[in-house]
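Below: the structure, in structure tokens.
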Amino acid sequence: MIRRAPRGLAEHAPILFPALMLVVFFVIPFSLMIAVSVFRRVPGGFYEPDLVFANYERFLTAFFGGVMSFSLGLAALVAALSVGIAFPFTYRLVKLSRGAQIRWLVFLLSILSLSEVIIGFAWSTLLSRTAGITNLFVALGLMAEPQSLSPSFGALLAGLVYQAFPYTVLVLYPALARLDPYLEEAARTLGSSPLRAFFTVVVPALRNTIVATTIMVFVFALGSYLLPQLLGRPQHWTLSVLITDQAIYQSNMPFAAAMAVFLVLVSLALVGLALLAGRREETA
Amino acid sequence: MNETTGKQGLHAALTGGISRRAVMAGAGTLATVAAIGFPNIVRAQSKTLKVGVYGGYFKESFEKHIFPEFSKATGITVEAIAEPTGEAWLVQLEQAARARQAPADVSMMSQVAMLKGASAELWAPFDLSKIPNAAKVVPHLVNKYPDGKVSGIGAVSWYITLVTNTKSYPQAPDSWAALWDPANKDKLGLLALVSNSFLLEVTAATFFGGTKHLDSEQGQLDCFKKLAELKSNVKLWYRDEAQFEASLKSGEIPMGQYYHDVTGLAAADGQPVRSTFPKEGGILDSGSWAVTRASKAGDLAHVFVDYMCQPSIQALLSRKVGTAPTIDRKLTDLTDQEFAAVSSDIAPIIPRYDLYTSKSDWLNQKWTEMIVG
Chain A
66 MIRRAPRGLA
76 EHAPILFPAL
86 MLVVFFVIPF
96 SLMIAVSVFR
106 RVPGGFYEPD
116 LVFANYERFL
126 TAFFGGVMSF
136 SLGLAALVAA
146 LSVGIAFPFT
156 YRLVKLSRGA
166 QIRWLVFLLS
176 ILSLSEVIIG
186 FAWSTLLSRT
196 AGITNLFVAL
206 GLMAEPQSLS
216 PSFGALLAGL
226 VYQAFPYTVL
236 VLYPALARLD
246 PYLEEAARTL
256 GSSPLRAFFT
266 VVVPALRNTI
276 VATTIMVFVF
286 ALGSYLLPQL
296 LGRPQHWTLS
306 VLITDQAIYQ
316 SNMPFAAAMA
326 VFLVLVSLAL
336 VGLALLAGRR
346 EETA
Chain B
25 MNETTGKQGL
35 HAALTGGISR
45 RAVMAGAGTL
55 ATVAAIGFPN
65 IVRAQSKTLK
75 VGVYGGYFKE
85 SFEKHIFPEF
95 SKATGITVEA
105 IAEPTGEAWL
115 VQLEQAARAR
125 QAPADVSMMS
135 QVAMLKGASA
145 ELWAPFDLSK
155 IPNAAKVVPH
165 LVNKYPDGKV
175 SGIGAVSWYI
185 TLVTNTKSYP
195 QAPDSWAALW
205 DPANKDKLGL
215 LALVSNSFLL
225 EVTAATFFGG
235 TKHLDSEQGQ
245 LDCFKKLAEL
255 KSNVKLWYRD
265 EAQFEASLKS
275 GEIPMGQYYH
285 DVTGLAAADG
295 QPVRSTFPKE
305 GGILDSGSWA
315 VTRASKAGDL
325 AHVFVDYMCQ
335 PSIQALLSRK
345 VGTAPTIDRK
355 LTDLTDQEFA
365 AVSSDIAPII
375 PRYDLYTSKS
385 DWLNQKWTEM
395 IVG
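As they're listed, the protein sequences go chains A and B.
Residue 66 is where the first sequence starts when you use our numbering, and the numbers rise one by one after that.
Residue 25 is where the second sequence starts when you use our numbering, and the numbers rise one by one after that.
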């Protein structure tokens, strides 16, 4: 292992490929998007190269501010719920026998293979009045008559958390599997209850992993545009839905690009803030 | 019953997404096989025309009843491309044309998309001398550039009507005003975009004496205000047709606006749905054939469009696809009954296409604020 900073081309070589990929698949498309966001919209047509800021001005209104804060709030809630459920789940998972772990992981991977469309339709059927779960409640005598639970905020949240859950588990799994079991055993020997040991030893030991996973799920949920349409009402449409509307249905690429740039900047800023807060705590 | 509805939902989702890929993959394999071993087929391959039609029922009917006959008559193979509804396809065609690609040579385009494409000069002009049958098309269904060149030729007309689930509504509603009826709270499925739902026109025709009311900005605002009153009745603002269609069939969303042709096909399949022409009229929209400027198969496209304008083919479309003819009805051999199945004597609501080009961004913004806010 080289301890000093890499020198010369040969030592830099291993990072050249990922750096190149980052440039090709992130820097170039993002630059193109920034360029398009200042192009001039031709009403009733497409766009022409220019340098105008009308697209950003149009975005800076109370209406889009509201949609933006809803999207961020929703993504944060999805991230908190997913990690909140997945962390204890994964903690239990790594304690199972190897065979059981593999069966669970294969099951979670198979959920990942479902497309967003399938997940959306499945949940809207499950929560529908005509074929949904409330029919079961009626049969069990828990409800008087079947009800429609979708579209609603709850349905949307359920769909998004369902979609994000396998990712969350798979990201948390390696860290939890590697966690030294002696840490917890020491805490138990010193007399703390299992719950206390979990919250005062396991969770703090993995704080960085938890923060990183929360950020990943947050960004993942922020980009969701299909489930809000399938499971939510119009007031639950995220900014990504409106971006899709502008780009795909209104052929207003400049405005869509401006919104997307704004969304990327705000989420980068939030991620930066979260990391900064984490670091400050660490030094304190 | 419960189980079937679930499957239909999934089925609709699956056919929407997969059939197109399957078709394209299949076509790709064929081309490879042909190129390797069969020189004759390679030559035939060069006489292939990629035709874009709306995916789902529409494309299936075209592939089953129309394209094979065309290939038999002309020797031109058709590769059907499933295009998404509305302007999504326009954006894809335009982006592709900038890269000189043609995902489809000739596409069926809605009128708003035709106008937007024309303002970007996306459409290669048609040479009418090569399309003798175009003379039969009703004049207002021939799209023209400002300089008189022909950008598109009427392919089919269709109606958007008031649809209901027959189990939830034993009695068919007779007016668009049913959408505003407080009794229908949380029961409607409506199209999510101002430029494909044409609900401003419906509002103007139902409450303000006609679409002329939309001439002024004040009139447009009146209609937005009136439209906002039906928001609590709407359960689903749909972009994806499959989503509403499945819910309409199951009765989950028992009323709304939908396409007369597809609803008729579903009813013929035994589904509990019906399409009603309200007394204010159905919304009459139409699709035009247009050729992207990036296409290299312009000659074949002319042959195709000419074939599609023939009275016998227009009649076949009405019988098999459920669309209304774009030529004078008297030129076809459609019986009164057959014509009534795809059209109505009630004067239609004609969309104000002019507004969707001149004021598109403003209308879109007001619309989004109305339904999201």
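Here a beta-carbon is modelled for each residue, glycine too, at the ideal position from N, C-alpha and C.
Asked: Buried/exposed call for Pro431 (chain B), threshold 16 Cβ in 10 Å; Found: Outside the displayed span of chain B (25 to 397) sits residue 431 (chain B), for which this structure offers no information.
Asked: Cα-Cα separation between Ala252 (chain A) and Val159 (chain A), rounded to whole angstroms; Found: 19 Å
Asked: Nonlocal neighbours in the same chain, by C-beta distance under 7 Å from Val117 (chain A), ignoring five residues either side; Found: Val103, Arg105
Asked: Residue-level contact to chain A via CB, Tyr396 (chain B), 7 Å cutoff; Found: The residue asked about is misnamed: residue 396 (chain B) is Val in this sequence, not Tyr. It does; some Cβ of chain A falls within 7 Å.
Asked: When A:Asp115, A:Glu76, A:Arg194, A:Leu260 are compared against Lys211 (chain B), the one with the closest alpha-carbon; Found: A:Arg194
Asked: The region 241-252 of chain B touching the region 159-172 of chain A, judged by at least three CB pairs closer than 8 Å; Found: no
Asked: Integer Cβ distance of Ile155 (chain B) from Val329 (chain B), believed to fall under 8 Å; Found: 6 Å
Asked: Chain A within 7 Å of Val297 (chain B), Cβ atoms only; Found: no
Asked: Interface residues of chain A facing Gln267 (chain B) [CB-CB closer than 9 Å]; Found: Gly185, Phe186, Ser189, Gln294, Leu295
Asked: Cβ-based burial, His284 (chain B) [other Cβ within 10 Å; buried from 16]; Found: buried
Asked: Among A:Pro246, A:Ile93, A:Gly130, the one whose alpha carbon lies nearest that of Ala157 (chain A); Found: Correcting the residue type first, residue 157 (chain A) is Arg in the shown sequence and not Ala. Out of A:Pro246, A:Ile93, A:Gly130, A:Pro246 has the C-alpha closest to the C-alpha of Arg157 (chain A).
Asked: Candidates B:Trp200, B:Gly178, B:Gly99: closest to Met133 (chain B) by CA position; Found: B:Gly178
Asked: Close beta carbons around Glu249 (chain A), own chain, < 7 Å, minus the five adjacent residues each side; Found: Ala262, Val266, Val267
Asked: Residue-chain proximity (Val180 (chain B), chain A), Cβ-Cβ < 7 Å; Found: no
Asked: Reference Pro114 (chain A); option with closest CA among A:Val101, A:Asn120, A:Glu122; Found: A:Val101
Asked: The region 252-264 of chain B touching the region 214-227 of chain B, judged by at least three CB pairs closer than 8 Å; Found: yes
Asked: Val130 (chain B) versus B:Phe248, B:Ser153, B:Thr230, B:Ala318, residue with shortest Cα-Cα distance; Found: B:Ala318
Asked: Stretch-stretch touch, CB-based, cutoff 8 Å, three pairs: the region 121-131 of chain A with the region 321-329 of chain A; Found: yes
Asked: Minimum Cβ-Cβ distance from Val115 (chain B) to chain A less than 7 Å; Found: yes
Asked: Inter-residue Cα distance where the pair is Ala291 (chain B) and His89 (chain B); Found: 19 Å
Asked: Closer than 7 Å to chain A by CB, Asp385 (chain B); Found: yes
Asked: Segment contact flag, the region 125-135 of chain A with the region 206-213 of chain A, C-beta cutoff 8 Å, min 3 pairs; Found: no
Asked: Residues in the region 85-96 of chain B having any Cβ partner in chain A nearer than 7 Å; Found: none
Asked: Glu304 (chain B): CB within 6 Å of a non-hydrogen atom of the ligand FMN; Found: Judged by which ligands are present, the structure shown has none, so any question about the ligand FMN falls away.
Asked: The region 173-192 of chain B touching the region 345-359 of chain B, judged by at least three CB pairs closer than 8 Å; Found: yes
Asked: Where Glu76 (chain A) falls, given that 16 or more other Cβ within 10 Å makes a residue buried; Found: exposed
Asked: Against chain B: residues of the region 216-227 of chain A by CB proximity under 9 Å; Found: Pro216
Asked: Contact with chain A by Glu145 (chain B), beta-carbon distance below 7 Å; Found: no
Asked: Contact the region 218-231 of chain B vs the region 374-381 of chain B: 3+ CB pairs below 8 Å; Found: yes
Asked: Where the beta strand (DSSP E) containing Met208 (chain A) begins and where it ends; Found: Unbroken run through Met208 (chain A): none, as it is neither H nor E.
Asked: Lys390 (chain B) to Ser240 (chain B) span [Cα, whole Å]; Found: 15 Å
Asked: Counterpart residues of Ala281 (chain B) in DSSP-defined beta bridges; Found: Note that residue 281 (chain B) is Gln in the sequence shown, not Ala. Paired residues: B:Leu186.
Asked: Exposure label - Gly79 (chain B); buried when at least 16 CB within 10 Å; Found: buried
Asked: Local Cβ density within 10 Å of Arg298 (chain A), reported as buried at 16 or more and exposed below that; Found: buried
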